[in-house]
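Comments concern the structure below.
Numbering (our numbering), first residue to last: 580 to 720.
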């Protein structure tokens with residue numbers, strides 16, 4: 580009887596789990612050149628088209644970056660991991676929406692034959708922070 584009870588408790592825990600485990604949530608990490616927000620994707624991606632996944636991922640990035648006094652305007656490079664190259668052009672208006680004042684460099688990695696259990700699009704956002712010498716040179720010191 581104890582084994583049956585244990586099974587039902589375990590089953591309940593898996594049903595109430597978030598879409599992402601804590602370990603797999605995207606987070607901002609400091610790098611030698613600045614910051615990186617890696618593994619960014621839509622939290623509820625399974626029922627969404629690529630364009631909607633793209634929008635949801637960028638919306639999720641905003642508060643994650645804000646915690647470090649950063650915004651999407653600070654992003655200097657975007658690495659896109661896409662599972663469906665045919666759907667990717669539909670996301671261009673979303674890029675224009677979220678990056679209307681900046682033009683970060685972009686690298687696209689096509690994940691051919693990706694299973695349907697993975698997001699159709701995932702991002703790594705790279706933020707390069709200029710060194711103090713560069714800032715002083717720009718200021719004319």
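Note that CB positions come from ideal geometry on N, CA and C, so glycine has one too.
How many angstroms separate the CA atom of residue i from the CA atom of residue j?
i           : j           : result
residue 612 : residue 707 : 5 Å
residue 626 : residue 699 : 11 Å
residue 685 : residue 641 : 19 Å
residue 632 : residue 710 : 34 Å
residue 653 : residue 676 : 15 Å
residue 600 : residue 697 : Confidence in residue 600 is poor, its pLDDT being 45 and thus under 50, which makes the residue's placement unreliable; the coordinate value appears in the next sentence. The straight-line gap from Cα to Cα measures roughly 14 Å.
Taking DSSP's pairing of strands, which residues face residue i in a bridge?
i           : result
residue 607 : 616
residue 633 : Beta-bridge pairing links residue 633 to no other residue.
residue 658 : 686 and 703
Our contact map puts residue i next to residue j with C-beta atoms below 8 Å; I'd like the distance itself, whole angstroms only.
i           : j           : result
residue 630 : residue 670 : 5 Å
residue 703 : residue 658 : 4 Å
Query raised in the report: At a cut of 8 Å, does the region 661-670 reach the region 606-625 through at least three beta carbon pairs?
Result: no
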